[in-house]
Amino acid sequence: MTQANATDPTTRGIAAVTLLAALALAPEIASANVLDNFGNAILGILNNTFLRAVAIAAVIGAGLMALSGRIQWMAFISVMIAVVIIFGSAGIVDYIRDNSATAALDPAPIVERVA
Numbered sequence: 039m040t041q042a043n044a045t046d047p048t049t050r051g052i053a054a055v056t057l058l059a060a061l062a063l064a065p066e067i068a069s070a071n072v073l074d075n076f077g078n079a080i081l082g083i084l085n086n087t088f089l090r091a092v093a094i095a096a097v098i099g100a101g102l103m104a105l106s107g108r109i110q111w112m113a114f115i116s117v118m119i120a121v122v123i124i125f126g127s128a129g130i131v132d133y134i135r136d137n138s139a140t141a142a143l144d145p146a147p148i149v150e151r152v153a
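Pasting the structure below:
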């Protein structure tokens, strides 16, 4: 029988996988709080003051170019839709979530239509 050598790639790979599995099973690391923090960080980046100023400048620039005929309307509409989606995404998701939960829990509108 041969002994495992510490420089053997297979032994090092098994050790790395074992270490990663042990870290992944730790409750502090495997919690969903990490994903929540990541999502909040992304929203914070997208809704910070600097990007808001950039979006305002983009809307002003696209509007002035559209008024003077220097931009195609499709590009102008694309800028507007991008700003609405980026900065309104949290509100859009909250609106859909609140209305879908209300509609699922409130059977009164269905009963009124039937009666």
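Just so we're aligned: 104 in our numbering is position 66 of the sequence shown, and the numbers increase by one with no gaps anywhere. Glycine included, C-beta positions come from ideal geometry on N, C-alpha and C.
Query                                                                                                                            : Result
Same chain, Cβ closer than 7 Å to alanine 128, neighbours up to 5 away in sequence not counted                                   : Leu81
Test item: CB-CB of glycine 117 and alanine 95 under 7 Å                                                                         : According to the sequence as given, residue 117 is valine; it is not glycine. For valine 117 and alanine 95, no; Cβs fall outside 7 Å.
Which of helix, strand or coil DSSP assigns to threonine 87                                                                      : helix
Cut-off 7 Å between Cβ atoms - residues of its own chain near threonine 87, not counting five sequence neighbours on either side : none
Inter-residue CB distance, valine 55 and alanine 93 (contact presumed, cutoff 8 Å)                                               : Incorrect: roughly 45 Å between the Cβ atoms, too far for contact.
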